[in-house]
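Inspection log for the structure reproduced underneath, given as structure tokens.
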Amino acid sequence: MKWKKSDLHQYVNAKEYVDTIIVPLIPFQLSNDSVLEKDAFQREVLVAFSYDLEKELTGRVLLTPNYNYLKSSNKEQEIVRINSWIDDIEQQPFNHIFYVTFDSAWKKNEQGMHGTLLWLPGVTDGTLQSNEMHSIIRSNVEQVSELIRSYWKG
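The following block contains the structure:
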């Protein structure tokens, strides 16, 4: 289920079956011209990946709005902010919380996060509409959905 009215209506009526949250972590940094296009492209790919992952795991997953942050921000401060999101989310019956990101800087601070960080190797260039990009996204979705299912079994 996505963060939209019709899906949230469905969630409220079936929340006992939806036990997993996915939070896309998306950096933003307009002040650095040299990485604008790369960062924008990675955002596009991560959004496409997140939508495909939600579709693959339909029935058990709620995809939150994107968590946007300044790329240059202090990750420890961001973790406090993210954890406040999760404190609110945990008012609902969610057993599994996953963050998805291309930003490897989160790895150094993941132990402070309430949930599981899924870092994906970033795609830095390409065209979202290309067959190659669709194959890369599909492959990542298959691998990550298998990983998430392993958490459900455990």
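All letters in the sequence shown, in the order written, are residues 1198 to 1351 by our numbering.
C-beta: ideal position from N, C-alpha, C; glycine also.
Distance check for residue j and residue i, CA to CA, integer angstroms please.
i, j, result
"Asp1216", "Asn1292", "5 angstroms"
"Ser1203", "Ser1247", "18 angstroms"
"Asp1300", "Pro1290", "28 angstroms"
"Ile1333", "Glu1287", "32 angstroms"
"Ser1342", "Val1258", "11 angstroms"
"Thr1255", "Gln1340", "16 angstroms"
"Ser1270", "Ala1245", "25 angstroms"
"Val1209", "Lys1201", "12 angstroms"
Between the Cα of residue i and those of the options, spot the shortest distance and give me the residue it belongs to.
i, options, result
"Arg1335", "Asp1249, Leu1314, Phe1295", "Asp1249"
"Lys1268", "Ser1281, Gly1312, Lys1235", "Lys1235"
"Arg1346", "Met1310, Ile1294, His1331, Glu1307", "Ile1294"
"Pro1318", "Val1242, Thr1324, Asn1229", "Val1242"
"Tyr1348", "Met1198, Ile1218, Leu1205", "Ile1218"
"Gln1274", "Gly1309, Gly1323, Gly1351", "Gly1309"
"Val1320", "Leu1222, Gln1239, Ser1281, Phe1225", "Gln1239"
Who does residue i pair with in a DSSP beta bridge?
i, result
"Leu1233", "Beta-bridge pairing links Leu1233 to no other residue."
"Leu1315", "Val1297"
"Asn1265", "Ile1223"
"Thr1217", "Val1258, His1293"
For residue i, does the three-state DSSP call read helix, strand or coil?
i, result
"Val1258", "strand"
"Met1330", "helix"
"Gln1274", "helix"
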